[in-house]
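Colleague:
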Amino acid sequence: MTNRTFRRASMTLPDLGDGYLSNVTSLESGRGTVQDFNYADADLRELDLANAHLITGRIANLRASRVRLIEVRVDSVEFDGCDLGNLQWVDSRLSRVVFKNCKFMASNLSGLALDNVLFDSCKLDYSTFEKLRATGPVAFTRCVLTESTFTGCDLSAAVFDDCTLRDAEFGRGTYKATDLRGNDLTAIRGIGNLAKVVIDRAQQIELTQALMAELDVIFGDDLDDPSRA
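For the sequence shown, the numbering used here gives the first residue as 36, with consecutive numbering after it.
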């Protein structure tokens with residue numbers, strides 16, 4: 036294991052050597068558990084896993100057109116360069132997991148418990164995050180979250196750093212001590228739900244711009260000037 040720090044979040048993440056990982060050709064197992072594995076360069080039409088447990092491994096360059104993961108527990112696993120289309124991941128627990136350079140466009144992640152989970156340089160545009168619970172440190176670094184939506188989530192103390200959050204919406208949820216420093220906040224939505232988040236002082240202006248856009252306010256001088264009608 037290795038320790039990494041993102042802003043105020045310190046997390047424990049897998050440090051996987053190649054020596055003890057066994058190459059596998061599938062993430063399915065009759066026992067439901069795959070351990071000490073290396074799964075790489077697969078190109079699938081569909082990937083369906085249910086009631087599975089992935090322990091200590093690396094999943095690299097996996098490409099799948101449709102992915103459905105239900106009650107899949109993941110411990111000490113690194114996802115690297117994966118492209119998971121139409122991803123639906125529900126009712127699962129992730130601990131000490133890294134997603135690096137992955138693409139989960141228009142995905143649906145629901146009912147996940149996240150503990151020491153890092154999303155690094157991932158494309159997560161148009162995705163829905165529903166009822167996520169940060170039970171330990173969680174960080175999104177250098178991720179693209181354009182038009183993504185967080186609904187009913189508890190992201191207490193989670194970190195977003197150097198992310199693209201254009202038109203990302205933070206719905207009702209818990210965001211106490213969620214660290215939004217280092218991001219452009221001018222185009223986020225759901226400002227009223229972001230009570231007790233952490234920002235830089237300079238970001239006050241960005242939040243004001245986002246709030247004005249969300250409220251669709253009209254300046255009085257625009258109404259009084261016929262040329263602006």
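Every residue gets a Cβ at the ideal spot worked out from N, C-alpha and C, and that includes glycine.
Using 10 angstroms around the beta-carbon of Ile-253, count the other beta-carbons present and answer buried if the total reaches 16, otherwise exposed.
Modeller: Exposed is the call here.
Colleague: Please state whether the Cβ-Cβ distance between Asn-96 and Asp-76 is less than 8 Å.
Modeller: Against a cut-off of 8 Å, the Cβ pair of Asp-76 and Asn-96 comes out as a contact.
Colleague: I'd like to know whether the C-beta of Glu-106 is nearer than 8 Å to at least one C-beta of chain B.
Modeller: Of the protein chains in this structure there is only one, and it is not chain B.
Colleague: Going residue by residue through the segment 105-147, where are the continuous alpha helix (DSSP H) segments of at least 4 residues, counting only ones entirely within it?
Modeller: Segments of the alpha helix (DSSP H) lying fully in the segment 105-147: there are none.
Colleague: May I ask which residues mark the beginning and end of the alpha helix (DSSP H) holding Ile-240?
Modeller: Its alpha helix (DSSP H) spans residues 238-250.
Colleague: Assign Ile-94 to one of three DSSP states: helix, strand, or coil.
Modeller: Of the three classes helix, strand and coil, the one that applies to Ile-94 here is strand, per DSSP.
Colleague: Along the beta strand (DSSP E) that carries Leu-180, what are the first and last residues, could you check?
Modeller: First-last for Leu-180: undefined, no H or E at that position.
Colleague: What is the residue span of the beta strand (DSSP E) that Leu-48 lies within?
Modeller: Element bounds for Leu-48: 44-48.
Colleague: Are there 16 or more other CB atoms within 10 angstroms of the CB of Ala-87, so buried, or fewer, so exposed?
Modeller: With 16 or more other Cβ atoms within 10 Å, it is buried.
Colleague: Evaluate Arg-131 with the Cβ neighbour count: other Cβ atoms within 10 Å of its Cβ, from every protein chain shown; 16 or more gives buried, anything less gives exposed.
Modeller: Classification for Arg-131: buried.
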